[in-house]
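Engineer: Residue numbers (our numbering): 13 to 155.
To start, I am sharing the structure in question, which I have written as structure tokens.
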Amino acid sequence: MGNRPQTLYGIADSPVGLAAWILDHDWRSYELMARVFDGRPEGLTRDDVLDNITLYWFTNTGVSSSRLYWENKLAFFAPKGVAIPVAVSVFPDDLCPAPRSWAERAYPKLIHYNKLDKGGHFAAWEQPQLFVPELRAGFKSLR
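Written out as structure tokens, the structure reads:
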């Protein structure tokens, strides 16, 4: 996606290609979704996975959702000194779980930091029962 995003236009023409692209996003997400199709549900069901693929298909947003990786030419994980209040929830199966020391450098106004027991890159989708309380806890002080 980051090297040649235009090659992804094939996923706009094939629902099977789109499904393969979504299932193969990253190895941790793939393992989670593969378990679901092997009959070992972990937060997701087969219908959840197929609904997600369908949403991308009907809205034709597979290609546009990958543009971020091409457009972002900055050092992605370099602390930026973001000056607004930030909450960080670390899900262990994410691509790069952020250590607290990094989060504190990147977000000087860090108002919430928490490590969770499960969840990955698509935590809001995979583990909504964990994600929603994190949102509430993270921004409670701003209400």
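All residues carry an ideal CB built from backbone N, CA and C; glycine is no exception.
If you're wondering where the values come from, they're calculated on a predicted model, not measured in any experiment.
Quick one: using the 10 Å Cβ neighbour count with 16 as the cut-off for buried, is F103 buried or exposed?
Structural biologist: On the sequence shown, residue 103 is found 91 positions in, with the first residue counted as 1. The residue is buried, with at least 16 neighbouring Cβ atoms inside 10 Å.
Engineer: Go ahead and label V144 buried or exposed: buried means 16 or more other beta carbons lie within 10 angstroms of its beta carbon, across all protein chains shown.
Structural biologist: To locate residue 144, count along the sequence shown from 1; it is residue 132. Classification for V144: exposed.
Engineer: I need the DSSP call for N126, collapsed to helix, strand or coil.
Structural biologist: Numbered from 1 along the sequence shown, position 114 holds the residue referred to as residue 126. The answer is strand: DSSP assigns N126 an E or B state.
Engineer: In three-state DSSP terms, what is D105?
Structural biologist: Numbered from its first residue, the sequence shown carries residue 105 at position 93. D105: strand per DSSP, three-state reduction.
Engineer: I need the DSSP call for V98, collapsed to helix, strand or coil.
Structural biologist: Reading the sequence shown from its first residue, position 86 is the one you call residue 98. In this structure, V98 counts as strand in the three-state DSSP scheme.
Engineer: Taking N64 as part of the alpha helix (DSSP H), name the residues at either end of that continuous run.
Structural biologist: Residue 64 sits at position 52 when you count from the first residue of the sequence shown. Residues 58–71.
Engineer: Assuming the contact rule is C-beta atoms closer than 8 Å, F49 and R40 should be a hit. Round their C-beta distance to whole Å, please.
Structural biologist: Indexing the sequence shown from 1 puts residue 49 at position 37. Indexing the sequence shown from 1 puts residue 40 at position 28. That belief does not hold up - the Cβ atoms of F49 and R40 are roughly 16 Å apart, past 8 Å.
Engineer: Using beta-carbon positions only, say whether R117 and P97 come within less than 8 Å of one another.
Structural biologist: Counted from its first residue, the sequence shown places residue 117 at position 105. Counted from its first residue, the sequence shown places residue 97 at position 85. No, the pair does not count as a contact, with Cβ atoms beyond the cut-off.
Engineer: For A24, collect the residues of the same chain with a Cβ closer than 8 Å to its Cβ; drop the 5 residues on either side in sequence, then sort them by chain order.
Structural biologist: As a position in the sequence shown, residue 24 is number 12, starting the count at 1. Closer than 8 Å at Cβ, skipping near neighbours: L30, N72, G74, V75.
Engineer: Hey, L142 and L122: beta-carbon distance below 8 Å or not?
Structural biologist: As a position in the sequence shown, residue 142 is number 130, starting the count at 1. As a position in the sequence shown, residue 122 is number 110, starting the count at 1. Not a contact, by the Cβ cut-off of 8 Å.
Engineer: Could you tell me if Y21 is buried or exposed, where buried requires 16 or more neighbouring beta carbons within 10 angstroms of its beta carbon?
Structural biologist: For this step, residue 21 is matched to residue 9 along the sequence shown. Exposed, by the Cβ-count rule.
Engineer: In the DSSP assignment, what residue or residues form a beta bridge with G132?
Structural biologist: The sequence position of residue 132 within the sequence shown is 120, counting from 1. Paired residue(s): D105.
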